[in-house]
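Enquirer: Sharing a structure below in structure tokens format, with a few things to ask.
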Amino acid sequence: MASESRSLQISTAPVTMFAHLIVTAVATLLLVWLLAKQEGFAFKSHNKLKIFDLHPLFMIIGFILIGGEAMMAYKTIPATKIAQKTVHLLLNLVALLAGIVGIYAVFKYHHESGIPDLYSLHSWLGIGTICLFGLQWLLGFLSFVFPGAEMSRRASFLPWHRFFGPVFFLMAVCTAEAGLVQRLLLLRIFQGQEALIVNFIGILLILYTVSVGLTVVLPRAH
Ligand code: HEM
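As structure tokens, this is what we get:
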């Protein structure tokens with residue numbers, strides 16, 4: 001009987017290519033939204049909206065798109081297992097650091113604008129996601145990279161790491177979807193070109209999640 005993944009009858013290559021196309025499309029739409037329709041970016045400015053705009057920039061391009069690339073590294077990097085592992089670890093670290101900078105930016109925006117912190121479902125999901133993602137990275141580092149981890153401990157932790165990686169990625173995408181909706185509502189944008197751009201970012205993020213998930217479970221092309 002064919003193995004479970006072979007029974008899906010396709011290999012990773014076309015799905016991964018689709019995922020990369022989505023990365024380009026989301027990054028482009030996001031930059032068009034934030035630069036042409038919103039205020040652009042700055043860490044320090046009298047225009048506080050510029051500080052806020054760093055939040056979706058770092059969370060979507062840094063945390064989600066790069067985090068997805070990190071998950072696909074074992075299929076996309078045509079090199080040794082150790083090289084793939086290094087790319088996986090480093091891209092996840094970049095995603096985590098970008099996530100921390102993005103969250104720092106929105107806290108800074110809130111403080112400088114006199115807005116209270118952590119009042120929304122989005123912000124609660126966001127804090128939970130970044131903490132769990134950070135914990136997953138740390139445990140992964142200690143189990144698979146840090147010298148001295150026993151082989152038996154590595155083997156028993158691996159299935160948990162494989163399960164929770166996609167779970168936390170999905171949590172990140174759900175958080176971003178809630179963030180996009182909340183931003184449109186706060187800006188009182190209900191229709192028109194800007195709403196279309198933002199809604200398409202939301203749809204493409206779901207398609208990205210599906211293609212990243214498929215890339216992870218499908219067999220590599222030979
Ligand atoms: C995985 C991605 C994301 C995470 C982990 C995240 C996390 C957070 C956190 C922790 C806060 C609370 C800051 C505070 O209370 O001072 C926040 C606020 C906010 N975020 Fe995000 N965010 C993400 C993506 C997005 C995106 C894509 C948008 C779309 C523009 C967005 C819009 C907002 C808005 C409008 C606020 C201020 C209102 C509020 O506190 O709910 N977020 N985010």
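First residue of the sequence shown: 1, per our numbering; consecutive thereafter. Ideal placement from N, C-alpha and C gives every residue a C-beta, glycine not left out. Treat the numbers as computed from the prediction; the structure is a model and nothing was measured.
Would DSSP call M1 helix, strand or coil?
Expert: Note that M1 scores a pLDDT of 38, beneath 50, so its modelled location is shaky and nothing firm can be said.
Enquirer: For G213, verify whether its CB is less than 8 angstroms away from any heavy atom of the ligand HEM.
Expert: no
Enquirer: With I61 and L30 assumed to form a contact (beta carbons below 8 angstroms), what rounded beta-carbon distance in angstroms separates them?
Expert: 7 angstroms
Enquirer: Among L49, V32, M71, L158, whose alpha-carbon lies nearest the alpha-carbon of R183?
Expert: L49
Enquirer: Between F43 and the rest of its own chain, which residues show a CB-CB distance below 8 angstroms, the 5 nearest in sequence each way excluded?
Expert: For F43, where only same-chain residues beyond five positions count, the Cβ hits under 8 angstroms are I51, L54, A105, K108.
Enquirer: If you check the beta carbons only, do G114 and A95 fall under 9 angstroms apart?
Expert: no
Enquirer: Would you give the residue range spanned by the alpha helix (DSSP H) that L170 belongs to?
Expert: 151-186
Enquirer: Tell me which residues share the same chain as S211 and place their Cβ nearer than 8 angstroms to its Cβ, disregarding the 5 neighbours each side in the sequence.
Expert: V15, T16, F18, A19, I22
Enquirer: Please report the distance separating the alpha-carbon of L218 from that of R162.
Expert: So the alpha carbons of these two residues sit roughly 14 angstroms apart.
Enquirer: With a threshold of 8 angstroms, establish whether the CB of T175 neighbours any heavy atom of the ligand HEM.
Expert: yes
Enquirer: For G126, collect the residues of the same chain with a Cβ closer than 6 angstroms to its Cβ; drop the 5 residues on either side in sequence, then sort them by chain order.
Expert: T175
Enquirer: For S3, which residues of its own chain have a beta-carbon under 6 angstroms away from its beta-carbon, when the five flanking residues on both sides are left out?
Expert: Residue confidence is low: S3 scores 48 on pLDDT, short of 50, so the model does not pin down where it sits. Its coordinate-derived value is still stated next. Counting only Cβ-Cβ distances below 6 angstroms, and skipping sequence neighbours, we find nothing.
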